[in-house]
Amino acid sequence: MILWLLLLGMVIFRLKAGRFAMLIDTLIAVQIILIFKNISSKKSHYMFQFLGRHSFNIFLFHTFIYYLYFEEIIYWSKNPIAIFLTLILICVIISYAIETGKLKIKFNKLQDKLLRVI
30 MILWLLLLGM VIFRLKAGRF AMLIDTLIAV QIILIFKNIS SKKSHYMFQF LGRHSFNIFL
90 FHTFIYYLYF EEIIYWSKNP IAIFLTLILI CVIISYAIET GKLKIKFNKL QDKLLRVI
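Last residue of the sequence shown: 147 (my numbering), numbering continuous.
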């Protein structure tokens, strides 16, 4: 309950923060993470763990996905929640394909060899 009240206070303060808005946004993000950690179940833990494994790939190419390649597919519904879920789904599918390709070509072994040379 205290976490929720802190979050509410930060959101209200954020509305009046002005130039400190970015700092408040960071604190709100941390607060949301703590709330999810406290209320999450085992199933959501596995979901976040799966997304965490793919998060770097998603970070690297999500802009290309929603802005260049799959714009009509992503924005089909005009609903922000559906847009977000569609983007995540497409990004995870592509990230999974990338990771599978990396396993097939033994990318990690190649990377280790290259790093030993340097």
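A virtual CB, placed ideally from N, CA and C, is assigned to each residue, including glycine.
Computed from a prediction, not measured in an experiment: that's the story for all the values here.
The DSSP-derived three-state label of N108 is coil.
Taking the Cα of I62 as reference, the smallest distance to any Cα among F77, L52, I117, E128 is reached at F77.
When Y95, K131, R145, Y125 are compared, the shortest CA-CA separation from L80 is found for Y125.
Excluding residues up to 5 positions away in sequence, nothing lies with its Cβ nearer than 8 Å to the Cβ of F85 in the same chain. Note on geometry: alpha-carbon atoms of K133 and L97 lie some 28 Å from one another. Runs of the beta strand (DSSP E) spanning 3 or more residues and lying entirely within the stretch 56-110 do not occur at all. DSSP places K138 in the uninterrupted alpha helix (DSSP H) bounded by 136-146. The Cβ atoms of F99 and I119 sit closer than 8 Å to each other. I112 is a Cβ neighbour of I103, given a cutoff of 8 Å.
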